[in-house]
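Note that this note's numbering gives residue 104 to position 104 of the sequence shown, counting from 1, and the numbers run on in steps of one.
Here the structure comes first, spelled out in structure tokens, and everything after it is commentary.
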Amino acid sequence: DGQAAELNELNRRLARTEQRLLSAEEDRDRLDRELDHSVEEAVQLRSQLDDQSHELQWTQDELATSIRSLDRVTTALRNAEAELDRERGTPGGSAPPAPTPSVPAPAASGSTSTSVTRLSEELRQARRDLASLQATRDVSTGRVVQLEGDIRRLREEVSQLNQNQATSATENSDLRM
């Protein structure tokens, strides 16, 4: 009778232990799956981070090019405005203005009116170019800011995934002991 009770108690303890073991194995398997999923996510996020970094570099290069173009157009605009002012200030157009690299000299036989008209058109075109380049610069600057935010967010996600992986690996190794 005493041995039967002891045997029943041992069988109950064995069943509980087997149940805990089964539960621990299920937890280990779940953590293995979570760890695998986290690794896949980290790889994808690192790839996105690399892509975003390349896109940011390209956008920064485009922004630098736009700024250089903007500087050239601004210089051309100033030169055209100065040329137009000189042309308007010359009595009768008798002395043609000196040519500048961005503004060609007017034809010798052309009248002051023709030169002023040509310079006015060049000035209008330079202003349109300037406005276009400023818009491009603004778009590029906005894109740089957006990409920097995306990169910061992706780095935070990668960091969080790395922490989750470390936690899962620790929990998994604890279950295997």
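Don't be surprised by glycine CBs; every beta carbon is placed ideally from N, CA and C.
1) On the criterion of 16 or more Cβ atoms from any shown chain inside 10 Å, does VAL43 qualify as buried, or is it exposed?
2) Cβ atoms of VAL73 and ALA126: under 7 Å apart, would you say?
3) Short of 7 Å in beta carbon distance, which residues of its chain neighbour VAL144, apart from the five on each side in sequence? Order them along the chain.
4) Specify the secondary structure class of ASP1 as computed by DSSP and reduced to three states.
5) Does ALA80 pass the burial test, meaning 16 or more other C-beta atoms within 10 Å, or should it be called exposed?
6) Quick one: using the 10 Å Cβ neighbour count with 16 as the cut-off for buried, is ALA76 buried or exposed?
7) Am I right that LEU147 and LEU45 are in contact with their C-beta atoms under 8 Å? What's the rounded C-beta distance?
8) By Cβ distance, which residues of its chain are closer than 7 Å to SER109, with the 5 residues on each side in sequence left out?
9) If the criterion is Cβ atoms closer than 7 Å, does the pair LEU133 and SER69 meet it?
10) Would you be able to state if there are at least three C-beta pairs under 8 Å between the region 155-174 and the region 12-31?
11) Where does ARG118 land, buried or exposed, given buried means 16+ other C-beta within 10 angstroms?
12) Are there 16 or more other CB atoms within 10 angstroms of the CB of GLY92, so buried, or fewer, so exposed?
13) Residues in its own chain within less than 8 Å of GLN165 by CB, not counting five upstream and five downstream?
14) So, using beta-carbon positions, are SER66 and SER113 closer together than 7 Å?
The structure says:
1) exposed
2) yes
3) LEU56, THR59, GLN60, LEU63
4) coil
5) buried
6) buried
7) Wrong, their Cβ atoms sit about 15 Å apart, outside the cutoff.
8) With a pLDDT of 47 at SER109, under the threshold of 50, the modelled position of that residue is not reliable, and the figure given next carries that caveat. Same-chain partners within the cutoff: there are none.
9) yes
10) yes
11) buried
12) Because the pLDDT at GLY92 is just 46, under 50, the model does not fix this residue reliably, and the point stays unresolved.
13) LEU35, SER38, VAL39, ALA42
14) no
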